[in-house]
Amino acid sequence: MANGPHARLAELGLELPEVVPPVASYLPAVQSGQHVYVSGQLPMAEGKLLATGKVGAGVSAEQAKQLAQRCALNALAAIDSLVGLENVVKVVKLTGFVASASGFTGQPGVINGASDLFGTVFGEAGRHARSAVGVAELPLDAPVEVEVIVEVS
-1 MANGPHARLA
9 ELGLELPEVV
19 PPVASYLPAV
29 QSGQHVYVSG
39 QLPMAEGKLL
49 ATGKVGAGVS
59 AEQAKQLAQR
69 CALNALAAID
79 SLVGLENVVK
89 VVKLTGFVAS
99 ASGFTGQPGV
109 INGASDLFGT
119 VFGEAGRHAR
129 SAVGVAELPL
139 DAPVEVEVIV
149 EVS
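Structural data, given as C-alpha cells:
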C-alpha cells in the first residue's frame, strides 16, 4: 500500500507522534459506530506545547498555520492508535479554534494548516466540512486547537 496514508506522511517527511495524553478527564479519541471523534488536539510535541499566546500578537499567522498542522498530526496519531489510518474512509468534519488577538480575522488561513494535511494524507477522502473559530483563550494558553470527526470502515 505504497500510496496509503502512512506513505503520504513519509513523503512529507512526517512521522506520527505518540498519542498526546489527555490533560483532563477525557479520551484522545472514541469510536461510535463508523465514526471516530477525536478530542481537541493542541500543538504538542514530546509532552510540551510548541508555542503559547495569541495569534496576531506574539504568534504569527504562518506560525499558527504550522501549529494547526501539528494539531492535525496529533489527531492522526489518535486515530491510528484506535482504528488505524488505513481504515479512514472520509474526513467528515474539522473544527479549528484559534486564540485570537483583538482584530485578528485570519482564522480560516490558520486552520488551513490542518485541512491541507488531511487533504494530502487522504486525497479526496480528506476533503471535509469545517469551522474555523476565533476564541479568547485555549487550554494551557495554546494558540490553536483542532478536533476532527472521521468515518471509518
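Using this note's numbering, you'd call the opening residue of the sequence shown number -1 and step up by one each time.
Yeah, the Cβ is synthetic: ideal placement off N, Cα and C, and Gly gets one too.
Fair warning: this is a prediction, and the values are worked out from it, not measured in the lab.
If you run the structure through DSSP and keep just helix, strand and coil, what is residue i?
i, result
"leucine 92", "strand"
"arginine 68", "helix"
"valine 81", "coil"
"serine 113", "helix"
"leucine 47", "strand"
"alanine 97", "strand"
"alanine 75", "helix"
"glycine 104", "coil"
If you follow the beta strand (DSSP E) that residue i is part of, which residue opens it and which one closes it?
i, result
"valine 17", "Valine 17 -> no beta strand (DSSP E), and no H or E assigned at all."
"arginine 128", "127 to 133"
"glutamate 143", "142 to 150"
"alanine 123", "Here alanine 123 belongs to no beta strand (DSSP E), and DSSP marks it neither H nor E."
Which two residues bound the contiguous alpha helix (DSSP H) that contains residue i?
i, result
"glycine 38", "It is not in any alpha helix (DSSP H) - glycine 38 instead sits in the beta strand (DSSP E) that spans 33 to 39."
Spatial neighbours of residue i within its chain, please: CB distance less than 7 angstroms, with the 5 preceding and 5 following residues excluded, ordered by chain position.
i, result
"leucine 80", "Ala27, Gln29 and Val34"
"leucine 47", "Leu40, Pro41, Leu138 and Ala140"
"glutamine 61", "Ala49"
Out of the options, which has the shortest C-alpha to C-alpha gap to residue i?
i, options, result
"glycine 94", "Asn85, Ser37, Gly121 and Ala75", "Ser37"
"proline 106", "Val89, Lys63, Leu74 and Pro20", "Lys63"
"glycine 111", "Ser23, Ala66 and Gln61", "Ala66"
"valine 146", "Ile109, Gly132 and Leu136", "Ile109"
"valine 119", "Val21, Ala75 and Ala59", "Ala75"
Identify, in the order they occur along the chain, each residue of the same chain with its Cβ nearer than 6 angstroms to the Cβ of residue i, setting aside the five sequence neighbours on each side.
i, result
"proline 19", "none"
"alanine 99", "Lys52, Gly54 and Ala55"
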